[in-house]
Amino acid sequence: MIAAWLAARTVWQWILLALGCGAVMSLGQAPVDLPLPMMLGLLVSFVFYTGAARAGRAGLVGFVIGFAYFVLTLTWLTEPFQIDAARDGWMAPFALAGMSALLAAFWGVAFSLARRLRTGVMGLAVLWPLAELGRGYLFTGFPWGMLPQGLLDTPAAQALAWVGPYGLMLLLCAGAAVLVWLIDRPLLVLPPAAVALAAVLWPMSLPAPQTTGQMVRLVQPNAPQEEKFDPEKLPVFMNRLLEATAAEPQPDLVVWPETAVPYLLEYAQPVFDEIAIAARGAPVVLGIQRRDEDWYYNSLVVVDGNGQVTDTYDKYHLVPFGEYMPLSDLASKLGLRGLAEAVGGYGRGPGPRMIDLGALGQALPLICYEAVFAQDVGAAPTRPSFLIQITNDAWFGQRAGPQQHLAQARMRAIEQGLPLARAANTGISAMIGPRGQVLESLPLGVAGHVDADLPAPLAPTVYARTGDMPLLIVLLLGWGVLLARRISIDAPRRRP
Numbered sequence: 003m004i005a006a007w008l009a010a011r012t013v014w015q016w017i018l019l020a021l022g023c024g025a026v027m028s029l030g031q032a033p034v035d036l037p038l039p040m041m042l043g044l045l046v047s048f049v050f051y052t053g054a055a056r057a058g059r060a061g062l063v064g065f066v067i068g069f070a071y072f073v074l075t076l077t078w079l080t081e082p083f084q085i086d087a088a089r090d091g092w093m094a095p096f097a098l099a100g101m102s103a104l105l106a107a108f109w110g111v112a113f114s115l116a117r118r119l120r121t122g123v124m125g126l127a128v129l130w131p132l133a134e135l136g137r138g139y140l141f142t143g144f145p146w147g148m149l150p151q152g153l154l155d156t157p158a159a160q161a162l163a164w165v166g167p168y169g170l171m172l173l174l175c176a177g178a179a180v181l182v183w184l185i186d187r188p189l190l191v192l193p194p195a196a197v198a199l200a201a202v203l204w205p206m207s208l209p210a211p212q213t214t215g216q217m218v219r220l221v222q223p224n225a226p227q228e229e230k231f232d233p234e235k236l237p238v239f240m241n242r243l244l245e246a247t248a249a250e251p252q253p254d255l256v257v258w259p260e261t262a263v264p265y266l267l268e269y270a271q272p273v274f275d276e277i278a279i280a281a282r283g284a285p286v287v288l289g290i291q292r293r294d295e296d297w298y299y300n301s302l303v304v305v306d307g308n309g310q311v312t313d314t315y316d317k318y319h320l321v322p323f324g325e326y327m328p329l330s331d332l333a334s335k336l337g338l339r340g341l342a343e344a345v346g347g348y349g350r351g352p353g354p355r356m357i358d359l360g361a362l363g364q365a366l367p368l369i370c371y372e373a374v375f376a377q378d379v380g381a382a383p384t385r386p387s388f389l390i391q392i393t394n395d396a397w398f399g400q401r402a403g404p405q406q407h408l409a410q411a412r413m414r415a416i417e418q419g420l421p422l423a424r425a426a427n428t429g430i431s432a433m434i435g436p437r438g439q440v441l442e443s444l445p446l447g448v449a450g451h452v453d454a455d456l457p458a459p460l461a462p463t464v465y466a467r468t469g470d471m472p473l474l475i476v477l478l479l480g481w482g483v484l485l486a487r488r489i490s491i492d493a494p495r496r497r498p
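Numbering (the numbering used here), first residue to last: 3 to 498.
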């Protein structure tokens, strides 16, 4: 009945309905954080799919839903263009629309292909998570704003430890597909609907994590991006960092944000000497830029009690166009290395590696954007004691961007069963427990520090052991089974 009503709508009516559906789905993301409308929007997306008789119409619906969803979820993408609004502000709407359209295309392809191959709602339930996998891996990936991100404060989020973000996306889509399949059978649809509501609305109470007895200090200087490298402001921000580090009681570890030290590593020894005095023997993890004969690097270093650098990590998952120019290797081979360096900015580090923090154990460092990628965290060479993320979220503004970035850090903690210490320039700095709970934090736009006990890690989760490969195999097999079934149904119809 619903499908028939939808089939009678004009293209423009379809577009308006799809835009509304995508807008409702976006309500699950921070700062709104309403998972129930998000799940309702997902369910309606499957209903719209059933009413699209042709692949072109289905693809259009998937694309428009995705476009509305991403435009509203990724509003923070306009913030970097406001740092110098007179020069760059005009590009903001084009950047937001272009990125939203690119991400929405993955959804449109999933909808179109499912309809073209006539695999029903179950086909879409398999292809949509596959499209999200593609969005997270292809062209260096950009999995920001996945639907499971909107479930963090619900019991359903703990499934991340078992199946990861893409597996949870599959569970969401499979649940929506079952409800749509049973929509004309009220008695049968009630049990799965009740389970879905309980997964979102049931009060969640997580056990307090065990602690290691080590205290970590997270320092937040609150340096606005337009002032961060202003020579007149540098002493102000540096004094904030040093004073917070020297505050009582003495911590076991101090963490400063990304690019907290505004000098190149080779010139920073006087600053490191001051840091050692302030830290009184505690190691300090901080962000700084360094260079070699070929590139500049966005780096994290460990400074010991003597002011010496004992470990260095270079960010390797860089932001396209923001931190490097795509195809820079090709540009270098063509004799355009200077162009590649000028546009690209940073060189790429060798990959995930541990930093040794003595009594606190080994930690896996993540610089800003790297915490967005579940596969990067899972690629650690050995299991760390905890995760450290340093970031400069001043680029993201004061609303959705920093809050969504924090949400992704919480997802990584649940997936791995590891605590995560997060130091952000303008916020939100937080100690996150191994089940994703925010134990201590500093709000946005505040200068200061927060001391937090370092939680003990949980046992390795299922997802930490397996990663995304088993899910990919399940999705491909499921797609193969649905396709084979469709072929077997169509075969008799083709016989003369």
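Glycine included, every Cβ here is placed at the ideal spot set by N, Cα and C. Computed from a prediction, not measured in an experiment: that's the story for all the values here.
Rounded C-beta distance between residue i and residue j? I'm assuming under 8 Å.
| i | j | result |
| --- | --- | --- |
| R437 | L208 | 5 Å |
| S102 | L76 | 6 Å |
| G435 | P211 | 4 Å |
| G24 | V66 | 7 Å |
| W130 | A107 | With 8 Å as the limit, W130 and A107 do not qualify as a contact, their Cβ atoms being about 13 Å apart. |
| G349 | Y299 | 5 Å |
| L220 | A423 | 6 Å |
| S114 | A60 | 5 Å |
| F83 | A70 | Going by Cβ atoms, the distance from F83 to A70 rounds to 21 Å, so no, they are not a contact pair. |
Less than 9 Å between the beta carbons of residue i and residue j, yes or no?
| i | j | result |
| --- | --- | --- |
| V304 | V287 | yes |
| Q222 | A449 | yes |
| L236 | A280 | no |
| F144 | L174 | no |
| S387 | T261 | no |
| G309 | I392 | no |
| M433 | V202 | no |
| F398 | V182 | no |
| L478 | V165 | no |
| S301 | T314 | yes |
| L362 | V379 | no |
| D306 | P322 | no |
| G64 | W109 | yes |
| P459 | R414 | no |
| Y168 | G147 | no |
| P421 | L456 | yes |
| T80 | R488 | no |
Buried or exposed for residue i, going by 16 or more other Cβ atoms inside 10 Å?
| i | result |
| --- | --- |
| Q216 | buried |
| D316 | buried |
| L140 | exposed |
| T12 | exposed |
| D254 | buried |
| A344 | Here the model assigns A344 a pLDDT of 45, short of 50, so the residue's position is not dependable, and the following value carries that caveat. Result: exposed. |
| I475 | exposed |
| M171 | buried |
| L19 | buried |
| E228 | exposed |
| I390 | buried |
| E372 | buried |
| A342 | In this prediction, A342 scores a pLDDT of 46, lower than 50, which makes its location untrustworthy; no coordinate-derived value is stated. |
| L266 | exposed |
| P259 | buried |
| G340 | Residue confidence is low: G340 scores 47 on pLDDT, short of 50, so the model does not pin down where it sits. Its coordinate-derived value is still stated next. Classification for G340: exposed. |
| E295 | exposed |
| V238 | exposed |
| F274 | buried |
| D470 | buried |
| E417 | buried |
Let me check one thing: in DSSP terms, what residues is residue i bridge-paired to?
| i | result |
| --- | --- |
| A432 | R424 and S443 |
| V287 | V257 and V304 |
| V452 | L220 |
| L266 | Q291 |
| D358 | Q364 |
| V311 | V305 |
| T393 | A426 |
Please confirm whether residue i has its beta-carbon closer than 9 Å to some beta-carbon of chain B.
| i | result |
| --- | --- |
| A466 | The question asks about chain B, but that chain is absent: this structure has only one protein chain. |
As a quick exercise: from the options, pick the residue whose alpha carbon is nearest that of residue i.
| i | options | result |
| --- | --- | --- |
| G30 | G68, M148, G152 and L135 | G152 |
| A402 | R414, P472, P33 and A10 | P33 |
| M27 | G43, A196 and W204 | G43 |
| L21 | W7, A55, G68 and D306 | G68 |
| D453 | W78, P251 and M240 | P251 |
| N224 | D35, N394 and A415 | N394 |
| G360 | G283, A195, V374 and Q405 | G283 |
| K230 | A127, T463, L485 and T428 | T428 |
| L149 | A409, L79 and H319 | A409 |
| G125 | V180, L74 and P82 | V180 |
| F50 | D35, L36, Q15 and P194 | Q15 |
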